[in-house]
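Engineer: Residue numbers (this note's numbering): 212 to 338. Supplied in structure tokens, the structure appears directly below.
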Amino acid sequence: MSLNLRRKVLTAFKDIHRARLQVFKGDERALTHVQNEINDRYRSHMEEKDTMKINELIFFSNECMEMLKKHVIQFESTPDDTYRANITPDTHLMDNTEFKENVSRKELMSANFAGRADGKKSPKPRS
Numbered sequence: 212m213s214l215n216l217r218r219k220v221l222t223a224f225k226d227i228h229r230a231r232l233q234v235f236k237g238d239e240r241a242l243t244h245v246q247n248e249i250n251d252r253y254r255s256h257m258e259e260k261d262t263m264k265i266n267e268l269i270f271f272s273n274e275c276m277e278m279l280k281k282h283v284i285q286f287e288s289t290p291d292d293t294y295r296a297n298i299t300p301d302t303h304l305m306d307n308t309e310f311k312e313n314v315s316r317k318e319l320m321s322a323n324f325a326g327r328a329d330g331k332k333s334p335k336p337r338s
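Here it is, written out as structure tokens:
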């Protein structure tokens with residue numbers, strides 16, 4: 212394996228571990244489990260010689276790192292029996308559509324029709 216490729220593998224390895232530390236901060240059980248999983252996955256491909264396959268694995272590792280950073284949220288139990296979400300600056304947040312309690316049948320049908328016009332399938336009727 213070339214020196215440049217080794218450097219890319221090591222960088223991906225360190226990046227995914229940094230993401231693990233950021234996402235699961237303070238949760239020793241999760242940190243240990245994810246650390247072991249990452250290390251096992253890397254170890255299982257240690258003997259890989261094919262450059263294309265190694266580049267694919269680096270790409271996959273980077274995708275996993277992005278997924279961890281953007282889409283995994285750690286919830287923490289609070290003393291008053293509720294949970295607090297630990298959201299990082301990298302967490303991808305989506306806009307929520309506000310729920311309306313009093314929707315007329317006409318509004319509901321027009322929204323349903325607009326959804327189907329956008330290519331969304333309507334739910335199957337219950338039998």
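Note that CB positions come from ideal geometry on N, CA and C, so glycine has one too.
#1: Can you list, in chain order, the stretches of the beta strand (DSSP E) that have 3 or more residues and sit fully within the stretch 233 to 313?
#2: Roughly how many whole angstroms lie between the Cα atoms of Val234 and Glu259?
#3: When you compare only the Cα positions, how much space is there between Ile298 and Leu232?
#4: Under a Cβ-count criterion, where at least 16 other Cβ atoms within 10 Å of its own Cβ denotes burial, should Lys280 be classed as buried or exposed?
#5: Among the residues of its own chain, which have a CB less than 7 Å from the CB of Tyr253, if the five just before and after it don't count?
#6: Is there a Cβ from chain C that is less than 7 Å from the Cβ of Leu268?
#7: Just how far apart, CA to CA, sit Ala241 and Leu214?
#8: According to DSSP, is Ser212 helix, strand or coil?
#9: Tell me, to the nearest whole angstrom, how far the beta carbon of Leu221 is from that of Ile265; I am working on the premise that it is less than 8 Å.
#10: In three-state DSSP terms, what is Ser315?
#11: With distances taken from CA atoms, which of Gln246, Met212, Glu318, Asp291 is nearest Met257?
Structural biologist: Result, derived from the coordinates:
#1: Counting only runs of 3 or more, we get 285 to 288, 294 to 297.
#2: 29 Å
#3: 14 Å
#4: buried
#5: So the list reads Phe224, once near-sequence residues are dropped.
#6: Among the protein chains of the structure shown there is no chain C, as only one such chain exists.
#7: 33 Å
#8: The sequence given here has Met at residue 212, not Ser. If DSSP states are grouped into helix, strand and coil, Met212 belongs with coil.
#9: Their Cβ separation, rounded to whole angstroms, is 12 Å, which puts Leu221 and Ile265 out of contact at 8 Å.
#10: In this structure, Ser315 counts as coil in the three-state DSSP scheme.
#11: Met212
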